[in-house]
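Novice:
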Amino acid sequence: MSTNNGPLLSLLFIGDVVGRGGRHAVKRMVPYLKKKYNCSFCIVNAENSANGAGITQSCLEDMNVADVFTSGDHIWDQKNLETEIASIRNLLRPANMSKLQPGRGWGYFRNPAGGEVAVISLIGKVFMRDSAYCPFETAESVLAQIPITCKCIFVDFHAEATSEKAALAWFLDGRVTAVIGTHTHVQTADARILPGGTAMLSDVGMTGAADSILGRNTQDVIRKFRTGMPARLNVVEDGIRLDAVVIRYEMNTGKAVSITPISEMFNPNREYIE
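Letter by letter, the sequence shown follows residues 25 to 298 of the numbering used here.
(1) Determine the DSSP secondary structure at Phe195, reduced to helix, strand or coil.
(2) For Ala213, I'd like the list of residues in its chain whose CB is within less than 6 Å of its CB, leaving aside the five on either flank, ordered along the chain.
(3) What would DSSP say about Thr231, mapped onto helix, strand or coil?
(4) In the structure shown, what three-state DSSP assignment does Ala156 receive?
(5) Taking the C-alpha atoms as reference points, what is the distance between Leu238 and Val50?
(6) Identify whether Ser282 lies in helix, strand or coil by the three-state DSSP scheme.
(7) What's the gap between the Cα of Lys205 and the Cα of Trp100?
(8) Secondary structure at Ile204, three-state DSSP: helix, strand or coil?
(9) Do you know whose CA, among Ile271, Leu167, Cys174, lies nearest Arg216's CA?
(10) Could you pull the start and end residues of the beta strand (DSSP E) that Ile170 belongs to?
(11) At 4 residues or longer, and completely inside the stretch 52-108: list those alpha helix (DSSP H) runs for me, N to C.
(12) What number of angstroms, rounded off, separates the C-alpha of Thr201 from the C-alpha of Val92?
(13) Suppose only complete runs of 4+ residues qualify. What are the alpha helix (DSSP H) ranges in the stretch 211-261, listed by chain order?
(14) Assuming Ala234 and Leu36 are in contact, meaning their beta carbons sit under 8 Å apart, how far apart are those beta carbons, in whole angstroms?
(15) Of all the beta strand (DSSP E) runs that stay within the bounds of the stretch 124-154, which reach a length of 3 or more residues?
(16) Whose C-alpha, out of Thr242, Tyr273, Lys248, Met275, is nearest the C-alpha of Ile260?
(17) From Tyr56 to Asn62, what distance separates their C-alpha atoms?
(18) Going by C-alpha distance, which of Lys279, Tyr273, Leu225 is nearest Gly39?
Listed below in structure tokens is the structure:
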């Protein structure tokens, strides 16, 4: 399908992957979802894929169906990633962290269906890390470096406050294809296309256990809230729900024309046909 501004393309973005169960769901479901929604490109937030805290190279290999991986405040929770990240071309750490940190915060990648997709990873400051640089200034700096020929620009904004996420989306309206929030693990109900053609969603949700608290064992979390004592919050590895969003955009302009949130249960006994 196409418009006066060229073909319409679709990309798939998967919410924060939690643990082994989340990785398994991504590996099995992404090819099926790409076919179902006619998506040619897939981005996965791998923030909690290593037992609920951080990322390892082997975790990303488990999810090799993705084109790009984004992250957030847990990027350095696994100690080996500091040396591994230099060799992982499609893993992004937040761009507004210190320039002394290894890795990169944005990149542009070939879309098999046509054109390129620039992906920017950012982290919020409100209720998050004070050491992060201003995401608004960083976004403007990155946009100035993206080749004008790259029309599709996707922003994963890993932030706590809905207001900060919405503010960044409005700030970038008309300059990027989408600003999608991550971090809270709860899919919000505010998906829309802004007047300038930017798709926004305050939080895409998570790929983790449906019967859990943000992917963790409910009793562990309740105990911590009730007692205030340190506690191990075990990851629940079954009953996985995959939260995602599909962005449809014009290849020649990068403007979004539709945004479709997805929330599907993963059935490990089902044959997901590509």
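Heads up, the beta-carbon is just placed ideally off N, CA and C, and yes, glycines get one too.
Specialist: Well, looking at it:
(1) In this structure, Phe195 counts as helix in the three-state DSSP scheme.
(2) Counting only Cβ-Cβ distances below 6 Å, and skipping sequence neighbours, we find nothing.
(3) In this structure, Thr231 counts as strand in the three-state DSSP scheme.
(4) In the three-state scheme derived from DSSP, where H, G and I count as helix and E and B as strand, Ala156 is classed as coil.
(5) CA-CA distance, Leu238 to Val50, rounds to 17 Å.
(6) In the displayed model, Ser282 falls within a strand according to three-state DSSP.
(7) Here the sequence assigns Gly to residue 205, which means Lys is not the residue at that position. Just so you know, the alpha carbons of Gly205 and Trp100 end up roughly 20 Å apart.
(8) Three-state DSSP puts Ile204 in a strand.
(9) Of all alpha-carbon atoms in Ile271, Leu167, Cys174, the one lying nearest the alpha-carbon of Arg216 is that of Ile271.
(10) Segment: none, Ile170 is in no beta strand (DSSP E) and carries neither H nor E.
(11) Runs of the alpha helix (DSSP H) lying entirely within the stretch 52-108, each at least 4 residues long, are 81-86, 105-108 in chain order.
(12) Cα-Cα distance, rounded: 16 Å.
(13) 242-251, all fully within the stretch 211-261.
(14) Taking a contact as a CB-CB distance under 8 Å, the pair Ala234 and Leu36 does not count as one, their CB atoms being some 20 Å apart.
(15) As far as the stretch 124-154 is concerned, its whole beta strand (DSSP E) runs of at least 3 residues are 130-134, 140-147.
(16) Before going further, note that residue 260 is Val rather than Ile in the sequence given. Closest by alpha carbon: Thr242.
(17) Approximately 10 Å, taken between the alpha carbons.
(18) Answer by Cα proximity: Leu225.
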